[in-house]
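Heads up: the structure comes next, in structure tokens.
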Amino acid sequence: MNPDAPGRTPISPAHWTGLAALGLSAVIFPFNTTMAAAPLAVFVVLCAAASLSPRSRFFLPVISRGGTGRKAVALTFDDGPDPLTTPPLLDMLARHGMKAAFFVSGRKAQRHPEWIDAILSQGHLVGNHSFSHSPFLMLFRFRTLYREIASAQDVLIKLGVHPLAFRPPVGLTNPKLAPILLRMGMICVTFSCRAYDRGNRRVRGMAGKILKKVRSDDIILLHDVCPSKIEDIPDWLDEMERTLSGLERKGFSVLPLDVLIGRPVMVPCRTEPS
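Taking the working numbering, I'd label the letters of the sequence shown as residues 3 to 276.
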């Protein structure tokens with residue numbers, strides 16, 4: 003695959019809207035050159051708004067919730083693995099009999115391969131969350147974005163899993179993402195319910211925020227990363243316990259992500275021994 007060539011992608015709402023804006027500007031231009039810029043300005047605003055919404059399908063197909071019609075949700079954890087949070091989190095999920103999807107960064111997976119193995123061996127799913135997890139990833143040029151996703155894939159494949167789902171950092175998308183995922187045979191999975199915990203930098207009250215707004219078929223965003231202060235890990239674990247227990251109390255079934263969305267998230271792969 004040539005990362006320099008975007009390739010052909012399906013027509014998106016952004017394509018149609020852009021063409022409509024250009025056509026309308028062309029019609030207005032002979033009569034009022036100033037007003038002719040208005041449709042293009044509106045298109046730019048729409049692009050900016052769409053790029054900031056994790057549920058937007060303006061640029062590409064995005065899966066942000068399930069379609070089971072059941073009182074069920076999926077748990078997803080971003081930014082790991084982390085040797086301080088992944089072990090107790092896995093223990094907690096096992097106690098509750100719940101399976102989750104871990105969208106991991108390639109860099110952390112490379113540093114802590116034993117925890118990728120533990121996640122997989124306990125029946126959880128692993129997705130691609132880019133290599134370096136830069137919050138500004140969607141501002142990078144095409145080649146850099148391609149390399150970030152491909153590098154994470156390479157690391158994870160060597161660790162025995164081939165992710166089919168990509169979650170962009172912060173859930174942001176852009177027009178460059180669609181051709182990259184198409185070439186890699188991947189889907190974009192975001193989320194529909196979150197606590198705005200800023201990557202576990204605001205752990206207090208997380209459970210209450212999730213439980214107050216959770217709905218059937220939600221994909222819940224949580225984080226598997228150490229809080230700003232190590233001494234806050236017990237508070238984070240308490241919030242996680244409250245979240246899982248609260249979901250059970252409210253009668254929600256916690257389904258694996260692939261079951262909730264009806265699409266495979268990963269496939270195991272064999273690696274050659276070194």
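From the three backbone atoms N, C-alpha and C, an ideal C-beta is built for every residue, glycine too.
Host alpha helix (DSSP H) of residue i (start-end)
i      : result
Asp226 : Taken as a continuous stretch (DSSP letters only), Asp226 belongs to no alpha helix (DSSP H), as it is neither H nor E.
Gly108 : 108-113
Asp80  : First-last for Asp80: 74-80, but that is the beta strand (DSSP E), not the alpha helix (DSSP H).
Lys231 : Element bounds for Lys231: n/a, residue is neither H nor E.
His98  : 88-98
Met140 : That residue, Met140, is in no alpha helix (DSSP H); it is neither H nor E in DSSP.
Lys215 : 208-215
Assigned secondary structure, residue i (DSSP; H/G/I helix, E/B strand, else coil)
i      : result
Arg203 : coil
Val267 : coil
Asp220 : strand
Leu262 : helix
Ser194 : coil
Ser255 : strand
Arg67  : strand
Asp84  : coil
Boundaries (first-last residue) of the beta strand (DSSP E) holding residue i
i      : result
Val128 : 127-130
Buried versus exposed, by CB contacts within 10 Å (16 or more), residue i
i      : result
Cys228 : buried
Val269 : exposed
Ala96  : exposed
Ile232 : exposed
Phe33  : exposed
Glu241 : buried
Gly108 : buried
Arg203 : exposed
Minimum C-alpha distance to residue i - residue among the options
i      : options                        : result
Pro89  : Leu62, Ile118, Ile65           : Ile118
Val163 : Asp234, Met208, Ile121, Ile222 : Ile121
Gly173 : Asn130, Thr245, Ala111         : Asn130
Asp80  : Arg145, Phe133, Thr36, Gly69   : Phe133
Ser181 : Leu259, Tyr148, Thr35, Arg217  : Reading off the sequence, residue 181 comes out as Pro, not Ser. Comparing Cα-Cα distances from Pro181 to each of Leu259, Tyr148, Thr35, Arg217, the minimum goes to Tyr148.
Phe277 : Thr87, Pro236, Pro170          : The shown model of the chain, from 3 to 276, leaves out residue 277, and the question about it has no answer.
Leu249 : Phe142, Gly99, Ser66           : Gly99
Lys178 : Glu150, Trp238, Leu223         : Glu150
Asp260 : Arg251, Val157, Lys101         : Lys101
Arg206 : Leu141, Lys110, Ile235, Arg143 : Ile235
Whole runs of the alpha helix (DSSP H) within the segment 152-191, excluding any shorter than 4 residues: Annotation note: the segment 152-191 contains the following uninterrupted alpha helix (DSSP H) runs of length 4 or greater, listed N- to C-terminal: 179-186.
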